[in-house]
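Residue numbers (my numbering), protein chains in the order written: chain A, 77 to 421; chain B, 47 to 245. From the three backbone atoms N, C-alpha and C, an ideal C-beta is built for every residue, glycine too. See structure below.
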Amino acid sequence: MSLAASITVRRDGFTLDVELTAEPGEVVALLGPNGAGKTTTLRALAGLLQLDAGEITLDGVRLDPLPPEQRRIGVVFQDYLLFPHLSALDNVAFGPRCRRVPRAEARQNAQKWLDRVGLADHVRKKPRQLSGGQAQRVALARALASEPRMLLLDEPLAALDARTRLDTRAQLRGHLAAFPGATVLVTHDPLDALMLADRLVIIEDGRVVQTGDAATITAEPRTDYVARLVGLNLYHGRADGTTVTLPDGFTLITASASSASAVFVAFPPSAVSLYPSRPDGSPRNTWPATVMSVSRQGGSLRIELGGALPVAADVTPAAAVHLGLEPGREVWASVKATEVRAYQA
Amino acid sequence: MVCLVLGVPLAWVLARLEFPGRRFVRALVTVPLVLPPVVGGVALLLVFGRRGLVGEWLDQTFGVSLPFTTTGVVVAEAFVAMPFLVIAVEGALRGADARYEEAAATLGATRWTAFRRVTLPLIAPGIAAGAVLCWARALGEFGATITFAGNFPGRTQTMPLAVYLALEQDVDAAIVLSLILLVVSVGILAALRDKWVAA
Numbered sequence: 077m078s079l080a081a082s083i084t085v086r087r088d089g090f091t092l093d094v095e096l097t098a099e100p101g102e103v104v105a106l107l108g109p110n111g112a113g114k115t116t117t118l119r120a121l122a123g124l125l126q127l128d129a130g131e132i133t134l135d136g137v138r139l140d141p142l143p144p145e146q147r148r149i150g151v152v153f154q155d156y157l158l159f160p161h162l163s164a165l166d167n168v169a170f171g172p173r174c175r176r177v178p179r180a181e182a183r184q185n186a187q188k189w190l191d192r193v194g195l196a197d198h199v200r201k202k203p204r205q206l207s208g209g210q211a212q213r214v215a216l217a218r219a220l221a222s223e224p225r226m227l228l229l230d231e232p233l234a235a236l237d238a239r240t241r242l243d244t245r246a247q248l249r250g251h252l253a254a255f256p257g258a259t260v261l262v263t264h265d266p267l268d269a270l271m272l273a274d275r276l277v278i279i280e281d282g283r284v285v286q287t288g289d290a291a292t293i294t295a296e297p298r299t300d301y302v303a304r305l306v307g308l309n310l311y312h313g314r315a316d317g318t319t320v321t322l323p324d325g326f327t328l329i330t331a332s333a334s335s336a337s338a339v340f341v342a343f344p345p346s347a348v349s350l351y352p353s354r355p356d357g358s359p360r361n362t363w364p365a366t367v368m369s370v371s372r373q374g375g376s377l378r379i380e381l382g383g384a385l386p387v388a389a390d391v392t393p394a395a396a397v398h399l400g401l402e403p404g405r406e407v408w409a410s411v412k413a414t415e416v417r418a419y420q421a
Numbered sequence: 047m048v049c050l051v052l053g054v055p056l057a058w059v060l061a062r063l064e065f066p067g068r069r070f071v072r073a074l075v076t077v078p079l080v081l082p083p084v085v086g087g088v089a090l091l092l093v094f095g096r097r098g099l100v101g102e103w104l105d106q107t108f109g110v111s112l113p114f115t116t117t118g119v120v121v122a123e124a125f126v127a128m129p130f131l132v133i134a135v136e137g138a139l140r141g142a143d144a145r146y147e148e149a150a151a152t153l154g155a156t157r158w159t160a161f162r163r164v165t166l167p168l169i170a171p172g173i174a175a176g177a178v179l180c181w182a183r184a185l186g187e188f189g190a191t192i193t194f195a196g197n198f199p200g201r202t203q204t205m206p207l208a209v210y211l212a213l214e215q216d217v218d219a220a221i222v223l224s225l226i227l228l229v230v231s232v233g234i235l236a237a238l239r240d241k242w243v244a245a
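See the structure below:
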């Protein structure tokens, strides 16, 4: 059940223009900052929003002229939208009942789905008696019980606390793997995207800026947003052999020559070394810098540096004390050529 | 009952659909709230009277005449009391999250099914409150009824009309009738007050 969608939606001052494909059984994550158009894309796929242009095809059938109730697309909404006046069981049975499945059969089926998500003991409860994680699982069971051809999830884990999130994410992963149709998942959390999805589609400002599997995205980000998500320093420049010239004239040396002329260069903050004075010896990429800010990042400290090349560096707390790193301090930064990766822009 | 059948769909239309002239329709629906009931009665007479705009056509095609009949009483009271229901239900509908209807649609529910199985239960307290208000207003209705339907004992005489008549002939009977009316009203309002406040 493969999806091919080309979606254009215009709003005041905002245009969403997205191409999207998904294969049967594939989980595609739409990742992007708030207001990028992820949820709008999902609503357009579900039929809750009219397209201004484009088309949506699922298994060769045009979906965009159909109203949402005829599309057979399961949606798990961000705040789940469980019907507050119905029990968990009747919530899950709602979809089949709308398709004229007899009441007893629909309930039996709903019971089966609730068993499957591990909520066999909570069938009689009303949504307000369920915890966040339980409500999320009921919402998933409700979407799956109507046997959708495609599954859409809008920030499925955003409303959960950190601990529940961990468990629910693992369970969700299992359920998505068992679902035969295509799944499109919206999230702003890179961890959710990396853990749950086979393929990532990065949306910024209403456009797709990068697609690829987790390995590609984390190794070769193409925008500042993605670079920040995966924790890399990213620059855009022109390459000539092993020398990359950035727009402001700064040059970085890479270990291997690039064949393309327009390139991205990326390196992790941990590859940046800081010295109190100009270092001697091998590192060729060396420049004076000023400490802008210091923050905690896991077990090390993240230093934001200003100067000729704005860069983030990770140092150990001991090194930070030794160097006396505080905002305004002048240091020398260097990064080894072997750590700098250049790839075609 | 007439108010429920007419009023709930009307409120849904006013709350959920965008259409040109919605403000005008809403104004028209609520105008009996501010209109003196007697004026409402006169308006009804002009429209549904034997020589009225609609009345004349009704009379000629179906031989039906509304003024001064029991049906006339119902029409008059519905006219005056319905705004209370429409306003209460429209408010409840606006308060209810329209996204539940969207969730229902993605599960395969048509608009009508979504309204019946999701929205209606969600706004039930609002409808109950509106119906009580509406009924209370209709019970006390005087002006429009006497103008449009007259005051014929057993046919178009309502309790307030009976009280008014009795006051001129037999004050004791008027007091008894008033007391009955008072007790019934207070009883029902007290029983339903919780729902009313909750909505």
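Query                                                                                                                    : Result
Three-state secondary structure assigned by DSSP to R417 (chain A)                                                       : strand
Reduced DSSP secondary structure (H/G/I, E/B, other) of P364 (chain A)                                                   : strand
Where R275 (chain A) falls: helix, strand or coil (DSSP)                                                                 : strand
Continuous beta strand (DSSP E) stretch holding L142 (chain A): start and end                                            : Segment: none, L142 (chain A) is in no beta strand (DSSP E) and carries neither H nor E.
heavy atom of the ligand ATP below 7 Å from V126 (chain B) C-beta                                                        : With respect to the ligand ATP, the structure offers nothing, as it holds no ligand at all.
Beta carbon proximity, I149 (chain A) to chain B, threshold 8 Å                                                          : yes
CB of A211 (chain A) within 8 Å of CB of L134 (chain A), strictly                                                        : no
Interface flag, V164 (chain B) vs chain A, CB-CB below 8 Å                                                               : yes
Cross-chain neighbours of P167 (chain B) in chain A, by beta carbon under 7 Å                                            : H161
Beta carbon proximity, R140 (chain B) to chain A, threshold 8 Å                                                          : no
Chain A within 8 Å of A237 (chain B), Cβ atoms only                                                                      : no
C-alpha distance - I149 (chain A) paired with G136 (chain A), whole-angstrom precision                                   : 15 Å
Segment limits, beta strand (DSSP E) that includes L92 (chain A)                                                         : 90 to 98
Cβ neighbour criterion (16 or more within 10 Å) applied to H198 (chain A)                                                : buried
Rounded C-alpha distance that separates T152 (chain B) from E223 (chain A)                                               : 12 Å
Stretch pair the region 119 to 127 of chain A + the region 248 to 256 of chain A: three plus CB contacts closer than 8 Å : no
First through last residue of the alpha helix (DSSP H) which encompasses V26 (chain A)                                   : Lying outside 77 to 421, the shown extent of chain A, residue 26 (chain A) is not represented and no answer is given.
Backbone secondary structure at E45 (chain B) - three-state DSSP                                                         : Missing from the structure shown is residue 45 (chain B); chain B here goes from 47 to 245 and no further.
C-beta neighbour in chain B for G171 (chain A), strict 8 Å                                                               : yes
Closer than 8 Å to chain A by CB, G172 (chain B)                                                                         : no
Pairwise C-alpha distance: N309 (chain A) and A409 (chain A)                                                             : 14 Å
Residues sharing a beta bridge with F343 (chain A), DSSP                                                                 : A:N309
Inter-residue CB distance, P352 (chain A) and L381 (chain A) (contact presumed, cutoff 8 Å)                              : 14 Å between Cβ atoms; not a contact.
Three CB pairs or more closer than 8 Å across the region 257 to 268 of chain A and the region 216 to 235 of chain A      : yes
Alpha-carbon spacing of A387 (chain A) relative to R283 (chain A), whole angstroms                                       : The residue you asked about is not Ala; residue 387 (chain A) is Val in the sequence shown. Near 27 Å, if we compare the C-alpha coordinates of R283 (chain A) and V387 (chain A).
Spatially closest choice to F343 (chain A) from A:G375, A:L96, A:V306, by CA coordinates                                 : A:V306
Euclidean distance between Cα positions of E244 (chain A) and G194 (chain A)                                             : The sequence shown places Thr at residue 244 (chain A), rather than the Glu named in the question. Whole-angstrom Cα-Cα distance: 11 Å.
CB contact below 8 Å: A175 (chain B) versus chain A                                                                      : no
Distance CB(V370 (chain A))-CB(E402 (chain A)) smaller than 8 Å                                                          : yes
Where M47 (chain B) sits in the DSSP three-state scheme                                                                  : Here the model assigns M47 (chain B) a pLDDT of 49, short of 50, so the residue's position is not dependable, and the following value carries that caveat. Three-state result, M47 (chain B): coil.
Contact check, K114 (chain A) vs G123 (chain A), beta carbons under 8 Å                                                  : no
Interface flag, R175 (chain A) vs chain B, CB-CB below 8 Å                                                               : yes
V214 (chain A) vs L220 (chain A) beta-carbon contact at 8 Å                                                              : no
Beta bridge counterpart(s) of G383 (chain A) as assigned by DSSP                                                         : A:A365
Cβ shell of A120 (chain A) (< 7 Å), same chain only, five flanking positions each side left out                          : I83, V85, L127
Test: A250 (chain B) CB closer than 8 Å to a CB of chain A                                                               : Here chain B has residues from 47 to 245 only, and residue 250 (chain B) is not among them.
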